[in-house]
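Read the structure below first, then the notes.
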Amino acid sequence: MIFEEFNPSEDKILRIIDNDGRVLRPDLFPEISGDTIVKAWKAMLFERVADEMAVSFQRQGRMFTYPPNKGQEAIHIAAGNVIRENDWLVPAFREVGLMLAKGVTMKEIFLYYNGNEQGSNFKNAPRVLPINVPIGTQLPHAVGIGYSIKYRKENDIVFTYIGDGGTSEGDFSEALNFAGVWQVPVVFTIQNNQYAISVPVSTQTKSINLAVKSIAFGIPGIKVDGNDFFAMYLIYQKASEHARTGKGPVLIEALTYRCGAHTTSDDPTRYRTKEEEAAWELSDPLLRLKKFMERKGIYRENEEKLREQYKKEVEKQFLDAENVAPYALEDVFNYMYVEMPDDLKKQKEEYQQFLAWKGNRK
Amino acid sequence: MIFEEFNPSEDKILRIIDNDGRVLRPDLFPEISGDTIVKAWKAMLFERVADEMAVSFQRQGRMFTYPPNKGQEAIHIAAGNVIRENDWLVPAFREVGLMLAKGVTMKEIFLYYNGNEQGSNFKNAPRVLPINVPIGTQLPHAVGIGYSIKYRKENDIVFTYIGDGGTSEGDFSEALNFAGVWQVPVVFTIQNNQYAISVPVSTQTKSINLAVKSIAFGIPGIKVDGNDFFAMYLIYQKASEHARTGKGPVLIEALTYRCGAHTTSDDPTRYRTKEEEAAWELSDPLLRLKKFMERKGIYRENEEKLREQYKKEVEKQFLDAENVAPYALEDVFNYMYVEMPDDLKKQKEEYQQFLAWKGNRK
Amino acid sequence: MSVMTMVQAINNALDIKLAEDNDVVVYGEDVGVVGGVFRVTEGLQKKYGVERVFDSPLAESAIVGTGVGMALSGLRPVVEMQFEGFSYPAFNQIISNVSRMHNRSRGRFRIPMVIRFPYGGGINAIEHHSESPEALYSHIPGLKVVVPSTPHDAKGLLISAIESDDPVIFMEPKRIYRAIKQEVATGKFSIPIGKANVLAEGTDVTVVAFGAMIRECQRAMVMAKEAGISVELIDLRTIYPIDKETIRNSLQKTGRLVVVAEAQRSFSVGSELIAIANEEAFLYLEAPPRRVMGFDTIIPLAQGEKYFMITPERIFYEIEKTARF
Amino acid sequence: MSVMTMVQAINNALDIKLAEDNDVVVYGEDVGVVGGVFRVTEGLQKKYGVERVFDSPLAESAIVGTGVGMALSGLRPVVEMQFEGFSYPAFNQIISNVSRMHNRSRGRFRIPMVIRFPYGGGINAIEHHSESPEALYSHIPGLKVVVPSTPHDAKGLLISAIESDDPVIFMEPKRIYRAIKQEVATGKFSIPIGKANVLAEGTDVTVVAFGAMIRECQRAMVMAKEAGISVELIDLRTIYPIDKETIRNSLQKTGRLVVVAEAQRSFSVGSELIAIANEEAFLYLEAPPRRVMGFDTIIPLAQGEKYFMITPERIFYEIEKTARF
Ligand SMILES: Cc1ncc(C[n+]2csc(CCOP(=O)(O)OP(=O)(O)O)c2C)c(N)n1
Ligand SMILES: Cc1ncc(C[n+]2csc(CCOP(=O)(O)OP(=O)(O)O)c2C)c(N)n1
Ligand SMILES: [Mg+2]
Ligand SMILES: [Mg+2]
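Protein chains in written order, with the working numbering: chain H, 412 to 773; chain S, 412 to 773; chain R, 9 to 333; chain X, 9 to 333.
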């Protein structure tokens, strides 16, 4: 069993290809077609392009904020290749590629970061929860959904995410503990991108790694090279099979690096070195996968052309988000309750009276 | 190192004497004089007697509630023998013997359970925190005190307690994680008495034991037979040396059994069997220690006489608690702030006016 | 009809909803095997199985947080916090997610979830077991907050709460869990959330209360009657959305308001009721509205509770003052 | 004197107290190396070392809970919650321990601790970054709740808060963190907790506000003046213990009250102020007190925030209505 071979107590790490795209563990290489690999790489590239553009839209003052995903794409796209249509996704906020794979659109993501709740009303992704801001609170939701699935004897599973910093929150431990006791079909992934804003993992915990925390909850845990698409793909296959066949939850620590800033208002030069950043660039998940494809002779893409194509697509989505109907007063009130209480109606009316007064005044 | 030999990942348990008082591990037998042993047994007996009387006072309707300690005395008295005057104690609520060892009086404990906050104003135990009711919230306090000690480069340490059920609370994990990162001198003990009210440990977590949760925080953890006075004594020596010499926190799981009800309003026959209770009675910590002493020929006590003597002492404390000055209106207001805000003064005065009106009315 | 305590009536409501709707699940600390520390859920696990009525690990945040997940995926969780003082570990889940998931997702997800807990003083309990946190929960937009005052109301309101597609905080006045017995219909019925109940009509003073304080008010009314004061007694039943209409109508008649509640008085439901009185019936007010409420202190342990708890005499004292103003 | 923003003034207050009192420690998420996401603690770690100013793991409950332990063992922790919306994971520690340890131990332990956080809307932030939870904290007995409205006040009040032997919730209106610059004395000074500040004397309407709303009220006053309405503007500075005397004195003069605050209006500080107006100055009231406050909704994301945020125009609208009543 893979969880035994890569025992997090011994700080083992699952890695299948190296930084140069060489296969280190042919025995573990997942069954996956060349086509799928190329498509995955393209999806990663799309996420990368969307990310870069999001940052630049924000710089142009056309979006309020954005938390870059750059460097973490292998995790998202590997999961996107394994997750099924009826599976649930309970995100934190740095899983854009996976959200897209589940049917969320960049338009929606832009809309959200542009300050409109409609951006969380994923039209084509009914089983994806909104981005979750209060760190850690999403994990119990995933466990509850897992309970519903188990209760109904369905065979869907839940993918859920948290950052390295998030593992310090009480909700992380409570949720994993419940998941263990209830044996629900939930695949937990910690995206260990080394930082919680400015705080490095070493300030976050003294445990030898984050996967090892699974022991506290009696569930399998494994540390994986999160920049290795194949390692992530393999572990998502194994973990989802585990969960789907009633064997309960799994905790994956995906080792990666947040190449960008925490959000567009953060300045990483204040807390980390150029050398550190450069070292991590060598294991850039896109680069590694591209090198792998080149070695295998399955890389026939024109990256620049693809980039241009993706840019256009992303731009279109962004314009769609910008051109959404203006936020109406009703939108403030309409979704508070399934049926609006009288008092909220009255508050709205009073506000409309004020607006009328204001209109007359000018 | 003891923490390595008794690796909780392998579900090892530290035990020194068996249920018949036979020494299983002479190599580990702690340095301790016969006198100390006898005194410890007496302290355990005192705790037992106090406990039985508390339950009976409650039954007589002379006390509102009480959570029995019966069966868990070895943990408390072993700690009481190791803890120093300047060390801090941050209790949960089932550590009466240890509180007494630190200078708390039964009078104070009775006063508390009789509904008077003066029972938490431990006159002779300035470094013992009040009983803590919201499960788990005490552990961060212990870590904060540990920080103060470390900050001031003092060499005191902190003993703190939680139950098996409490390990599920977020505060448990957060506190142990902070303790690991800050490397504070705190000895954490989980009194695993098998139940959280009616809920057995098996419903509480899927981890193979509770000591193993220490791995999630990168701190040493060990499972100990909590009904074995010598095992507890040894581990408290080791753990406090570890903490006192700057090596950081330790997590001890003390395996024991809550022989009584959860509190006097609980009825354990609803959720556990007579057989289970009987099985645990065989490892009663007092009995085991007595058997050990008999084997070694150091037991020369008259238990019945001691019991009578202790009963009288406890009764006196209880009467003292009953005869404390009546709760005054001032007591409601006086301790809210270091200086009473005007508005509280006014609320008190208004209430006094009401009392005056009421007096006149009769 | 059957004579029931509030504990029995709540049990009965849960029983009816568990029987009728397979999506209803009930869980929390000690609610399964022993049926709760107050035995509110007694017998339900036996009847409906461990998958529908069960004990959870001891972690309120996860109890509520998993409920959010269940609710948005189609179940109707009814979770118990063992005491009001232990609802606070779940506060973040309640304010950040329970109350917001519907709005956050623009109506895509509903949270048909009930968080129920015993609350209030008067039972000689230890710390954290005697509080009245209704103001905290009522201030959180997106929640409904319901407090019954009788077995009958408890049953009818709880059934409405479980059937509500919005999350409901259901606060049970533990002091009268068993103190009041009443004929309650055994079949299914419901009482609408958001409507107050005029328990007695009167012309001189409007008394607004809820939960265990209703009984104290009724006792005070006896004294008021003797003193020749006609009291209109309103049982709020729901704290949010609060029934302003009933309050307004009453104040237009009496012009005098006394609010009775156990909680600390400042920044409370009492404050809100006075604000409502001003906003809805300012020109009718003939005396300053009064709050008969707890001090702004921590509720004392049992020996000091007598000062803090609201007695019929104290209510009457304030009613009289208000009537004679 | 030196021109300071509120961020600089708070930094300066921390600097002064760190320099003067070795028991003061400052910690929280990102407060050390980078000096906080708003740079409020910038430079302090360098100056005072990692033992006194440091980054903690990401867990608010433990940040506050460890603060309780530090405070009762002699330190004076000043902890930061990164945003108001992330103070809720610590809610249980705050309500169950921070506010109660002194009372619980009958004065044996003091909790000289400050919990500071940025709060309020108006900065186009994402969810949970724009809220005003002052009512929640003000309802908790045992806490003091302080909100400054200018750099000068922020400095003087924070110094008082750090020197307070009682725990203080110190809420910083992030919207004016850098928007207002002001001459502030560079040396040590303090402003007493529990005293409101009459910013402008007037005779027609009393406006009570705090935090970022003061600036909006001042803008509304310009309009009021043009309309011939004389406004008395009171900056509460402290929400609890609230300065009833100043409010009473003002209402005895004006008889009219408008409360301005960003939070949801129901069960709020606004409700309390109206209750106070009734209890303290009923016979002087000439018009119904008004709340110019947020709707009872979740504060919308940036695009919808304009409806929720209180503007000078809206304040003036209510002032005028109240004055002309
Ligand atoms: C409960 C809570 N506290 C604080 C924050 C502010 N905050 C937003 S992101 C973040 C760091 C998260 O770090 P990590 O979990 O490692 O995720 P990453 O951002 O690296 O993906 C913090 C502190 C928050 N959103 N929620
Ligand atoms: C936060 C919180 N939730 C619930 C309770 C109610 N309660 C009191 S004791 C207890 C069980 C505690 O079990 P455990 O931690 O094993 O300690 P033990 O009582 O066995 O010593 C519960 C649920 C509480 N006191 N605090
Ligand atoms: Mg991170
Ligand atoms: Mg236990």
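The C-beta atom is built at its ideal place from N, Cα and C for all residues, glycine as well.
C-alpha gap between residue i and residue j, whole angstroms
i: A503 of chain S; j: A665 of chain S; result: 14 angstroms
i: R351 of chain X; j: V122 of chain R; result: No answer is possible for residue 351 of chain X: the residues shown for chain X start at 9 and end at 333.
i: I131 of chain X; j: E68 of chain X; result: 23 angstroms
i: Y127 of chain R; j: M747 of chain S; result: 22 angstroms
i: Q226 of chain R; j: A627 of chain S; result: 56 angstroms
i: V209 of chain X; j: A269 of chain X; result: Going by the sequence as given, residue 209 of chain X is Glu instead of Val. Taking the straight line joining both Cα atoms gives about 20 angstroms.
i: A152 of chain R; j: N566 of chain S; result: Checking the sequence, you will find Lys at residue 152 of chain R rather than Ala. When rounded, the distance between both Cα atoms is 52 angstroms.
i: E342 of chain R; j: V735 of chain S; result: Lying before the first or after the last residue shown, residue 342 of chain R is absent from chain R, which here runs from 9 to 333.
i: Q469 of chain H; j: M89 of chain X; result: 26 angstroms
i: I184 of chain R; j: M14 of chain R; result: 7 angstroms
i: G445 of chain S; j: F457 of chain S; result: 18 angstroms
i: Y248 of chain R; j: S146 of chain R; result: 6 angstroms
i: A732 of chain S; j: N532 of chain S; result: 13 angstroms
i: V661 of chain S; j: D243 of chain R; result: 54 angstroms
i: I318 of chain R; j: K773 of chain S; result: 19 angstroms
i: V501 of chain H; j: F218 of chain R; result: 39 angstroms
Sequence-distant residues of its chain with Cβ nearer than 7 angstroms to residue i (five each side left out)
i: V32 of chain R; result: K25, L26, R84, V86 and I170
i: S618 of chain H; result: K624
i: P149 of chain R; result: S107
i: D212 of chain R; result: I237, S238, V239, T262, R264 and A331
i: M109 of chain R; result: V76, L80, F117 and I119
Residues sharing a beta bridge with residue i, DSSP
i: V39 of chain R; result: Partner(s): none; V39 of chain R has no beta bridge.
i: Q190 of chain R; result: R:M12
i: M179 of chain X; result: X:F125
i: D31 of chain X; result: Beta-bridge pairing links D31 of chain X to no other residue.
i: Y572 of chain S; result: S:T600
i: N543 of chain H; result: The partner list for N543 of chain H (beta bridge, DSSP) is empty, contrary to what the question assumes.
Cut-off 6 angstroms between Cβ atoms - residues of its own chain near residue i, not counting five sequence neighbours on either side
i: Y668 of chain H; result: G482, N604, Q605 and W691
i: G432 of chain S; result: R699, K702, F703 and R706
i: R718 of chain S; result: V460
i: I568 of chain S; result: D498, P596, S651, A654 and R655
i: L66 of chain R; result: E37
i: K634 of chain S; result: P419, I424, N620, A622 and E664
Near-chain R residues of the region 430 to 452 of chain S - C-beta to any C-beta below 8 angstroms: Residues of the region 430 to 452 of chain S with a C-beta atom less than 8 angstroms from some C-beta of chain R do not occur.
What residues in the region 529 to 543 of chain H have a beta carbon less than 8 angstroms from any beta carbon of chain S? none
Please identify, using Cβ separations under 9 angstroms, the residues of the region 22 to 53 of chain X that lie next to chain H, in order along the chain. E37, D38, G40, V41, V42, G43 and V45
Three Cβ pairs or more, each shorter than 8 angstroms: is that satisfied between the region 263 to 282 of chain X and the region 283 to 295 of chain R? yes
Please determine if the region 203 to 213 of chain X and the region 250 to 266 of chain X are in contact, where contact requires at least 3 C-beta pairs separated by less than 8 angstroms. yes
Taking a cut of 7 angstroms between CB atoms, which residues from the region 583 to 601 of chain H lie near chain S? S584, E585, N588, G591 and V592
What are the residues of the region 72 to 84 of chain X that lie near chain S, defined by any Cβ-Cβ distance shorter than 8 angstroms? V72, G73, T74, G75, V76, G77, M78, A79, L80, S81, G82 and L83
Segment contact, 8 angstroms Cβ cut-off, at least three pairs: the region 554 to 565 of chain H with the region 511 to 521 of chain H: no
Does the contact criterion of 3 or more C-beta pairs under 8 angstroms hold for the region 162 to 180 of chain R versus the region 757 to 764 of chain S? no
Residues, ordered as in the chain, of the region 138 to 169 of chain X that lie near chain R by beta-carbon distance below 7 angstroms: A143, L144, S146, H147, P149 and G150
Using a Cβ-Cβ cut-off of less than 8 angstroms, give me the residues of the region 192 to 212 of chain R that come near chain H, in sequence order. G202
Below 8 angstroms between beta carbons is the criterion; list the residues of the region 83 to 100 of chain R that meet it against any residue of chain X, in chain order. Those would be G93, Y96, P97, F99 and N100, in chain order.
Check whether the region 184 to 201 of chain X touches the region 9 to 23 of chain R, counting contact only when three or more Cβ pairs, one atom from each stretch, lie closer than 8 angstroms. no
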